[in-house]
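2 protein chains.
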Amino acid sequence: MHDDPVVAHVDDDQEEVSELFTRYGYLAIPVVDNEFRLVGIVTVDDILEVIEEETTEDIERMGGVIDTSDREYLDRSVWQHVKARLPWLFLLMCSYFVTGGILARFEDAMSAVIALVIYMPMLMGTGGNSGSQSSTLVIRGMATGELELGDFIKVMWKEIRVGVIVGICLSILNYFRIVYLDHNPPLVAITVCVSMILIVIIAKLIGSMLPMVAKKIGIDPALMAGPMMASITDMISLCTYFIMAGLFLHI
Amino acid sequence: MHDDPVVAHVDDDQEEVSELFTRYGYLAIPVVDNEFRLVGIVTVDDILEVIEEETTEDIERMGGVIDTSDREYLDRSVWQHVKARLPWLFLLMCSYFVTGGILARFEDAMSAVIALVIYMPMLMGTGGNSGSQSSTLVIRGMATGELELGDFIKVMWKEIRVGVIVGICLSILNYFRIVYLDHNPPLVAITVCVSMILIVIIAKLIGSMLPMVAKKIGIDPALMAGPMMASITDMISLCTYFIMAGLFLHI
């Protein structure tokens, strides 16, 4: 896109221009119009502000906050804070209606083995954490330009291997806890452990793939991390758990 | 600390020096030793790299990844990825042993009203999301220098008001869903709704206070967001829920 001399175009996005500075390390870059006539320059100190703004936007989106204003925390009114937070909370809460529906279908299973409920938050939590580790790394990798959409398969393969190792490590500890500390039947422990391994792998896959898919279809990857990640993995964790319970405990 | 001319000291941390550039917008800053003798200069293009590194560190910590190496995603081996992720997952999983213990104490309550279990993921999820919104905003505010430890009370007061409004909005929708769609008794709906309001407020308070407390005692605030946030709010959500269940449903 850019000819030999490094230039910014008048209609370039500020994010693209800031990438030029990071890539080339210049102190100033000329700005040209469509006929490549010089119309001005951008200096690197302008870019520092741009980077700070863009990073704040990214981080806030990853934390489930909508950027309704460029104001800073204390300058935003209570209503502006509500407006920036309520939509995501609302949407995510609705996603839990689905999760609730899944749980409702397994009411009998839960009544039969109430011990299953005790390990539910751990499995959901670990799934969420595993997924958010992966999505954090991938989103940041794409923001700094290290990861490209073409790395899809490489990332997937790496996440699967990491997931298998991490899942097995966590499961070993869990098995002993459930059988020897909680005095639950080994079959309950096996249900929890197999679920754990599957959940960690699936969560890592989803956590790394979602931001890349988002970028592919033109949505900001940062929107896919954090809370959205968490509610999707919650659903999948529950389904996996109860399918395993059906398999191992015949309920 | 700094005299009239803006200078960096030889033993300044790179993060402090980058703040000087963001604050003053200079292209270069002299570096002096303890006797204020000029020993060199730092230019703003060096700082771009520093900012990128520091931001990556912050974001990764918020996502529960330990920065074991400065390598980028694809350059890290599977084992390095495991080393960067397993410790937090392990620690957080152990924190769920406590959550499991809390649940175990309420086994009878759950057996009595199994409907309670159905709304558990939603309450835990919403608590986690509310908390991570607050901690994201506060951590970023502190990173850009907008929020100081002295703003503690102001932040607390803002979070309480935001929490009350958000909590009530979410509860209203929930009440109708539980009573008219799920056909559960109004007392179950009231238990869930009152829990929801309390959980949102508490999660927002914890989410905003934790990073500030961390900074006060010298821990990186970014470590307090994301996963650690989630496991603490999970515990508190569960306790709040079952205390409310005891109060309204007498179980």
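Chains A and B, in that order, are what the protein sequence lines are.
For reference, each letter of the first sequence is one residue, going 1 to 251 in my numbering.
For reference, each letter of the second sequence is one residue, going 252 to 502 in my numbering.
Virtual Cβ for every residue (Gly too), placed ideally from N, Cα, C.
Within chain A, no C-beta atom comes nearer than 9 Å to that of Met407(B); the closest sits roughly 12 Å away. Residues of chain A with a Cβ closer than 7 Å to the Cβ of Met344(B) are, in chain order, Met122, Thr126, Leu170. In terms of CA proximity to Phe176(A), Ile190(A) leads the group Val166(A), Met142(A), Ile165(A), Ile190(A). By alpha-carbon distance to Gln331(B), the top candidate from Leu210(A), Phe36(A), Glu159(A) is Glu159(A). Taken through DSSP and simplified to helix, strand or coil, Ala230(A) comes out as helix.
The beta carbon of Gln133(A) falls within 7 Å of a beta carbon belonging to chain B, placing the residue at that interface. With respect to the 7 Å criterion, Thr491(B) and Leu449(B) are classified as neighbours on the basis of their beta carbons.
Per DSSP, the beta bridge partners of Thr294(B) are Ala279(B). Sequence-ordered contacts of the segment 225-241 of chain A with chain B read Ala225, Gly226, Pro227, Ala230, Ser231, Asp234, Leu238 [C-beta pairs closer than 8 Å]. Within chain A, the residues whose beta carbon sits less than 9 Å from that of Glu397(B) are Glu72, Tyr73, Leu74, Asp75, listed in sequence order. Taking 7 Å as the cut-off, the Cβ atoms of Gly163(A) and Lys204(A) count as close. The beta-bridge partner set that DSSP reports for Ala8(A) consists of Val31(A). For Glu107(A), the chain B residues whose Cβ falls inside 7 Å of its Cβ are Ile365, in order along the chain.
Cα atoms of Arg140(A) and Val333(B): separation of roughly 18 Å, rounded to the nearest angstrom. For Val98(A), the uninterrupted alpha helix (DSSP H) segment begins and ends at 78-105. When DSSP states are grouped into helix, strand and coil, Leu173(A) belongs to the helix group.
Within the segment 80-92 of chain A, those residues whose Cβ lies closer than 9 Å to any Cβ of chain B are, in chain order, His81, Val82, Ala84, Arg85, Leu86, Trp88, Leu89, Phe90, Leu92.
For the 7 Å CB-CB criterion, Ala225(A) and Met122(A) do not form a contact. Using a Cβ-Cβ cut-off of 9 Å, Arg161(A) is close to Val329, His332, Val333 of chain B, given in chain order. Bridge partners of Leu247(A) according to DSSP: none are assigned. For Asn184(A), no chain B residue has a Cβ inside 7 Å of its Cβ, as the nearest lies near 10 Å away. One Cα belongs to Asp318(B), the other to Leu149(A), and the distance between them is close to 24 Å. Neighbours of Ile118(A) in chain B, taken as residues at a C-beta separation under 8 Å, are given in chain order as Gly351, Leu354, Ala355, Glu358. Taking a cut-off of 8 Å for Cβ pairs, the segment 227-243 of chain A and the segment 352-368 of chain B do not touch, as fewer than three such pairs fall below it. Taken through DSSP and simplified to helix, strand or coil, Leu123(A) comes out as helix. Beta-bridge annotation (DSSP): Leu38(A) is paired with Val32(A). For Pro256(B), the number of other beta carbons within 10 angstroms of its own is below 16, and it is reported as exposed. Here DSSP, grouped into helix, strand and coil, assigns Arg322(B) to coil. Chain B places a beta carbon closer than 7 Å to that of Asp45(A), counting this residue as a contact.
Judged by DSSP in its simplified three-state form, Gly401(B) adopts helix. Proximity of Tyr180(A) to chain B, defined by a Cβ-Cβ separation below 7 Å, is not satisfied. The Cβ atoms of Gly315(B) and Asn174(A) do not sit closer than 7 Å to each other. In the three-state DSSP reduction, Gly396(B) falls in the coil class, being neither helix nor strand. Taking all protein chains in view, the Cβ of Asp234(A) is crowded by 16 or more other Cβ atoms within 10 Å, so the residue is classified as buried. DSSP places Asn435(B) outside both helix and strand once states are collapsed to three, so it counts as coil.
Contact residues of the segment 27-51 of chain A toward chain B are Leu27, Ala28, Thr43, Val44, Asp45, Asp46, Ile47, Leu48, Glu49, Ile51 (C-beta to C-beta distance below 9 Å).
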